[in-house]
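UniProt numbering puts the first residue of the sequence shown at 1, with every later residue one more than the last.
We put the beta carbon where it would ideally sit given N, CA and C, even for glycine.
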Amino acid sequence: MKTYTKQKLTFEQFLEECPEEGLYELVDGEIVEVRVTRNHDDVANFLLFGFNDEIKRQNLNYVVNNTAVFKTITANRIEQGRKPDASVIDKDKWRSNRSAYAALEEPIQLAVEVTSTNWEDDYIDKLDEYQRLGITEYWIVDYLAIGLREYLGNPKVPAVFVFLLDAEGKYQCTHFRGSERIVSRTFPELALTADQILTA
Numbered sequence: 001m002k003t004y005t006k007q008k009l010t011f012e013q014f015l016e017e018c019p020e021e022g023l024y025e026l027v028d029g030e031i032v033e034v035r036v037t038r039n040h041d042d043v044a045n046f047l048l049f050g051f052n053d054e055i056k057r058q059n060l061n062y063v064v065n066n067t068a069v070f071k072t073i074t075a076n077r078i079e080q081g082r083k084p085d086a087s088v089i090d091k092d093k094w095r096s097n098r099s100a101y102a103a104l105e106e107p108i109q110l111a112v113e114v115t116s117t118n119w120e121d122d123y124i125d126k127l128d129e130y131q132r133l134g135i136t137e138y139w140i141v142d143y144l145a146i147g148l149r150e151y152l153g154n155p156k157v158p159a160v161f162v163f164l165l166d167a168e169g170k171y172q173c174t175h176f177r178g179s180e181r182i183v184s185r186t187f188p189e190l191a192l193t194a195d196q197i198l199t200a
């Protein structure tokens, strides 16, 4: 990862200064490049296309993309700019201002992060920020099994973690492995197994 700025930026400054080419997030006031492998992209794209197919099949009022950036706030009140690998957003909310840039400040329906070398961000920071923002459903796809043993077991086994907000606004986690079918609140009829995602 490369860090491009020295001064602490606000979310609005991040949107103005963020390079147009590449994948970047605002982390602790700095523009940080997030680099991903082809394998990572394959997994993320598999989900993007799968979600899009499900939206069309059921005629759901969502859009799915990998360009949406949204503002989160840390426990220390620091603004972050996050860009999930896949975002499922209410279509009316997304299209309410179509001339705006792809930046949101309200919660989306579902965010997916595919783990990479910055896996701690997915399991710790983003988990807390997404819960704090009120994102209904958050997936961590750990196809490399690089997260903590408390999540992945010993020995570590690749898994898909689905976090759902409960009535108190706290995430409850279910993990899926092997041939287990993913259970999603956003896509209750989704017919994907953990293996199909993890080996995409």
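- Judged by beta-carbon spacing, V69 lies within the 8 Å limit of K83, meaning their Cβ atoms are closer than that value.
- Just so you know, the alpha carbons of V162 and F176 end up roughly 8 Å apart.
- Shortest Cα-Cα distance from W94 to any of V114, N61, D122 and E120 involves N61.
- The DSSP assignment places complete alpha helix (DSSP H) segments of no fewer than 4 residues inside the segment 145–169 at 149–152, in order along the chain.
- The count of Cβ pairs closer than 8 Å, one atom from the segment 9–21 and one from the segment 145–154, stays below three, leaving the stretches out of contact.
- Excluding its 5 nearest sequence neighbours in each direction, S179 has C-beta neighbours in its own chain below 8 Å: T193, A194 and D195, listed in chain order.
- Two segments are said to touch when three or more pairs of C-beta atoms, one from each, lie closer than 8 Å; by this definition the segment 21–35 does not touch the segment 152–167.
- Contact check between the segment 123–142 and the segment 70–89: three or more CB pairs, one atom from each, fall below 8 Å, which counts as touching.
- Just so you know, the alpha carbons of E33 and R77 end up roughly 22 Å apart.
- Residue burial annotation: G50 is buried, with at least 16 other C-beta atoms found within 10 angstroms of its C-beta.
- The DSSP-derived three-state label of I73 is strand.
- Per DSSP, reduced to three states, the secondary structure at E180 is coil, with no helix or strand assignment.
- I140 is positioned such that its CB atom lies closer than 8 Å to that of T115.
- Considered as a whole, the segment 73–129 harbours 79–82, 86–90 and 110–114 as its complete beta strand (DSSP E) runs of no fewer than 3 residues, in chain order.
- Beyond the five residues adjoining it in sequence on each side, A200 comes within less than 6 Å, by CB distance, of D42, V43 and F46 in the same chain, given in chain order.
- Secondary structure note for I55: its alpha helix (DSSP H) is the uninterrupted segment R38 to Q58.
- Judged by DSSP secondary structure, E33 falls within the beta strand (DSSP E) whose first and last residues are E30 to E33.
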